[in-house]
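Chemist:
Numbering (the numbering used here), first residue to last: 48 to 84.
Given below as structure tokens:
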């Protein structure tokens, strides 16, 4: 059972997903501000 490699991959995937979500949220916030002004 080599769980260490799986855990590392999961962590990297989680970090990548977090970055994707963060960039999407930033885009949404920017559009909201553009619409308001």
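Beta carbons: idealized from backbone N, C-alpha and C, even for Gly.
For residue 72, which residues from the same chain have a beta carbon less than 7 Å from its beta carbon, with the 5 sequence-adjacent residues on both sides left out?
Modeler: Counting only Cβ-Cβ distances below 7 Å, and skipping sequence neighbours, we find nothing.
Chemist: Does DSSP put residue 70 in a helix, in a strand, or in coil?
Modeler: Residue 70 falls in the helix class under three-state DSSP.
Chemist: Under 6 Å Cβ to Cβ from residue 58, same chain only, skipping five residues before and after it: list those, please.
Modeler: Counting only Cβ-Cβ distances below 6 Å, and skipping sequence neighbours, we find nothing.
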